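Chains as they are written, first to last, in the working numbering: chain E, 1 to 587; chain C, 588 to 1174.
We put the beta carbon where it would ideally sit given N, CA and C, even for glycine.
Here the structure is a predicted model, which means the values were calculated and not measured.
Set out below in structure tokens:
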């Protein structure tokens, strides 16, 4: 949490480009350029489609794919991450801005730009103050559940474009409710375009490449052609609408997309808007960062490279700020396009900058051609892309491993589908933490005995061990802190109330990593209560840091028994004949 | 969390009165009656004063001290707890209702009744579903800090009555700001009454009893007279106002207090009001329960009795519902009056019921006499009572023991004083949990070696131990879960990147009480990465419950090394000469 020092090293830390650009050569350039071409082809329809998903004009998707990529190339540490608009963050943007109840499209766009700016500022500040670890509080199963549920929500939200009807809402029930309510209005031509495009894209995904290879085409070319499937769909359906004048038959089209450079924009600094968007921006930042960093780490591991999570925050933060000043909306590193970038041979973040040039050319030259592009085609692109995110097997995997993890996943999926993305991801975080606290508030306590012939102690109920009637050894399998302090008191009192001849109670602390003040007070209470009953309290295997802390309190002076370095020492002393009758002899 | 079974035993569980009333005899009756008289004398001025503190008409304090005491006598488990209006809960009531911005006194009173009802319902439901453990999430130091800060706030809030000026607000700054702004309006007569009464009450508290004993009075009588100090102050100042017509000289008085039985009231069931009060009711319930249960446990321990926290919730819950239907406001078990009740010899909850009769008689007969009672007298009563709650030594104690505990206490005190009770207690809970999570997210990891001549392993930096160059043993001093899973990965990768000849890494899991799904994925990643580098990963001292869970996953099949029952077994096998060069030999 220490703010950074100002030095040359610190300066370099914040600019990873200084490192990789020194060894940049012609081979690297070629690799990066090839990767950039492939990613550009993939990104053009995706950018338009995700802007649509976010409820924004199509060109904002293009704008979000230009300067942000350059910013990431300068500040990011991953060699292969491809930044831009992604499905889940677009859905979260739609949900965040949808909450504001805006009707004026200009206000809506301003809110999106502002959201990108707040999100970028949050990410950058987190990076500068090394707060990347905060993302760890999202457990893996919760993320998996959230992404799956978001995929279902996104696919559902796009059905309206496939059917050619109106549908609103950010939950599964409102979306499907609207779809059913409007089913009589389905436009058959739109539906035909949508279904055919979806089927075509699924086929391109699975069937095209093997077919091209079978014709003797080179693998590389086959790969590029397969990636160009969505572009082909865009071209064919746009031509169809134009030629057959389908617009006048009720097919919704993208319409006029402005041609030219991304505009310079400024976020709003209205206090009202910021306070309404702030929580959403936090959630978008965290989800965007988690998604991005896990992709970056997976790809880096394959080439034995390292990414620096805190610098990644700065990379993503500046990307979002770049989006905010050039008419874009929140961006992050996307899974599918990063894998494509990696597979296509991207060697450095420069590939991202070259992709930006490609998208810029599209914004400068191609936008008039998008006028007749049917929205159904973009919806089909989204549906095919997000269904690969949907994987309910996390539920069975979690069920088999741990009911607590399962509960967190199931609740996250249910709440995301039923109450929207913001509720889903918030509940996932809160629930993960709450369930963890609940588990640690009722710690496992094992009564242990000596494994014969060793110096090792194990649970008397799981192993065949030696015990002594006047000695109870309890191994506490949890740090002692406020949430379980009283539990320990009750446990010890219950245990000693069962047996008469107990003279010594040993708390074996090998798994106690912390004793906070609340727990210290409980230990003091236990010590006093046992003392009144003529029972000595001992500790064994207290860890160094815990012992340091206990020595700062009065507890050790008041302790009726001893602290033993090892449980075996405690056993040897307390099972001597003279320890049976007089607790004092053991001291 | 299981709902209760319907059976005779369950019925008895919910009615502790059935148990203690069976052995009720004449001796017990006498003890209870004496205690009831003393508590009644103490409770009459306190009830009036705390109602004033809550911003309510004085009679509501009396009403809150009648039926709630009877309800607790039936449903409570503590033999000595005295229920009624208390200072901190009264302040929280004032803060909760103050937030609503009501101006009509009738609406204000209705909100108080509703708050008692919601709070009672929450407590009762928590009791029925055994959710008493939730109160454990308030750490002891946070509670201590909160009570101290509340005492300061309460005393400050009463200064306006001593000075005879108007002052509003629920934070230290707004209260003192108002007092300074109105200092020119100070009423000298009110101030004289207030200061003299405060001085008198402090003297009664410390000096009266020794004086009476010195005159040869019996200790019991001296005790009762000392407890009657506030009553004497009430009588004398009321008479002074009446005789010297001080009301017309600007001394604020209590005024008309209705005479008669408590009214039957019904809480509001307006959705708006409930949603505005709900969070406050939760906080009041938790603070009230924590305060009450800790008093009850302290007193029960002195007589080797037990209280049942979940039944206490039901006792307090029904008390609050009783307050809600008889014109009262939120109540709980008070510290001072319970100690008085205990010291006066109360044997059973019947003492509380007898106290209720005493207060009922006061409501029926004495209220006209309260007309000229100056508010300054009641304020003095409150100030003297709450200053005994103020104890800033918790700060130095926490500082000495743990900086984390200190941070939680200091923040709780600061936020309570600066932003009011609700902010203070919420922040205390959140901060306790956040700091705990933060600590566990960066666990202590110790590299350990063998203590010579034993089978025991300790930190290589703290103890003189044996190690082997090709073997690294890391003892992880924390459960592995989502918040620290990635930390472990980084730690292991950094450790193995330092030394060349490492062939085996052993994770000693004696302090690992849980491995959740996120951590399992990290272990899988570590296992794979080490495997690629030709290093075997082993585990030792895995606890039973953790091992059970690992066996349900594929991790153990993929593990490149072994799982050893004890760290000593791992050491013996992995330091054999054949284990140095070939990891396989160790398997």
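To the nearest angstrom, how far is it from the Cα of residue i to the Cα of residue j?
i: residue 909(C); j: residue 403(E); result: 40 Å
i: residue 132(E); j: residue 1065(C); result: 20 Å
i: residue 848(C); j: residue 951(C); result: 6 Å
i: residue 480(E); j: residue 999(C); result: 21 Å
i: residue 414(E); j: residue 424(E); result: 8 Å
i: residue 151(E); j: residue 1072(C); result: 26 Å
i: residue 831(C); j: residue 794(C); result: 29 Å
i: residue 372(E); j: residue 238(E); result: 5 Å
i: residue 1159(C); j: residue 450(E); result: 19 Å
i: residue 443(E); j: residue 979(C); result: 32 Å
i: residue 521(E); j: residue 679(C); result: 27 Å
i: residue 342(E); j: residue 216(E); result: 25 Å
i: residue 792(C); j: residue 701(C); result: 36 Å
i: residue 14(E); j: residue 74(E); result: 9 Å
i: residue 1132(C); j: residue 730(C); result: 34 Å
i: residue 839(C); j: residue 966(C); result: 11 Å
i: residue 41(E); j: residue 212(E); result: 19 Å
i: residue 598(E); j: residue 620(C); result: The question about residue 598(E) has no answer here: the residues shown for chain E are numbered 1 through 587.
i: residue 1014(C); j: residue 996(C); result: 10 Å
Give the residues of chain C in contact with residue i, contact being defined as C-beta atoms less than 8 Å apart.
i: residue 520(E); result: 988
i: residue 455(E); result: 1041, 1042, 1043, 1155
Note down, in chain order, each residue of its chain lying with its Cβ closer than 6 Å to the Cβ of residue i, except the 5 sequence neighbours on either side.
i: residue 648(C); result: 634, 635, 637, 638, 672
i: residue 16(E); result: 77
i: residue 185(E); result: 165
Which same chain residues end up closer than 8 Å to residue i when comparing Cβ atoms and leaving out the 5 residues on each side of it in sequence?
i: residue 682(C); result: 757, 867, 1007, 1008, 1009
i: residue 441(E); result: 483, 484, 487
i: residue 710(C); result: 872, 875, 876, 900, 901, 903, 904, 907
i: residue 105(E); result: 57
i: residue 250(E); result: 164, 187, 189, 190
i: residue 974(C); result: 738, 742
i: residue 550(C); result: This structure does not reach residue 550(C), given that chain C is present from 588 up to 1174, and the question cannot be answered.
i: residue 656(C); result: 669, 670, 671, 906, 939, 940, 942, 943, 946
Under the three-state reduction of DSSP, which class applies to residue i: helix, strand or coil?
i: residue 573(E); result: helix
i: residue 698(C); result: helix
i: residue 711(C); result: helix
i: residue 93(E); result: helix
i: residue 468(E); result: strand
i: residue 14(E); result: helix
i: residue 774(C); result: coil
Strictly below 7 Å CB to CB, what residues from chain E border residue i?
i: residue 1130(C); result: 477
i: residue 1023(C); result: 481
i: residue 1049(C); result: 544
So with CB distances below 7 Å, who are the chain C contacts of residue i?
i: residue 441(E); result: 720, 723
i: residue 514(E); result: 1026
i: residue 444(E); result: 1100, 1132
i: residue 608(E); result: Residue coverage of chain E in this structure runs from 1 to 587, which leaves residue 608(E) outside it and unanswerable.
Under 9 Å Cβ-Cβ, which residues of chain E neighbour residue i?
i: residue 1010(C); result: Those do not exist, as residue 1010(C) stays about 17 Å from chain E at its closest Cβ, beyond 9 Å.
i: residue 1046(C); result: 543, 544
Under 7 Å Cβ to Cβ from residue i, same chain only, skipping five residues before and after it: list those, please.
i: residue 43(E); result: 65, 84, 337, 355, 359
i: residue 687(C); result: 698, 863
i: residue 305(E); result: 79
Mind checking whether the beta-carbon of residue i lies closer than 7 Å to any heavy atom of the ligand NAD?
i: residue 673(C); result: Ligands are entirely absent from the displayed structure, and the ligand NAD is therefore not among its contents.
Name, please, each residue of chain E whose Cβ falls closer than 8 Å to the Cβ of residue i.
i: residue 1104(C); result: 139, 140, 141, 397, 398, 401, 402, 405
Could I get the ranges of all uninterrupted beta strand (DSSP E) runs contained in the stretch 1093-1135 of chain C, with 3 residues as the minimum, in chain order? Those beta strand (DSSP E) runs which fall completely within the stretch 1093-1135 of chain C and span 3+ residues are 1123-1127.
In the stretch 899-986 of chain C, which residue ranges form an unbroken alpha helix (DSSP H) of at least 4 residues, counting only runs that do not cross its ends? 922-930, 937-952, 962-974
Taking only runs that begin and end inside the stretch 16-83 of chain E, name each unbroken alpha helix (DSSP H) of 4 or more residues, in chain order. 17-20, 26-53, 58-63, 67-75
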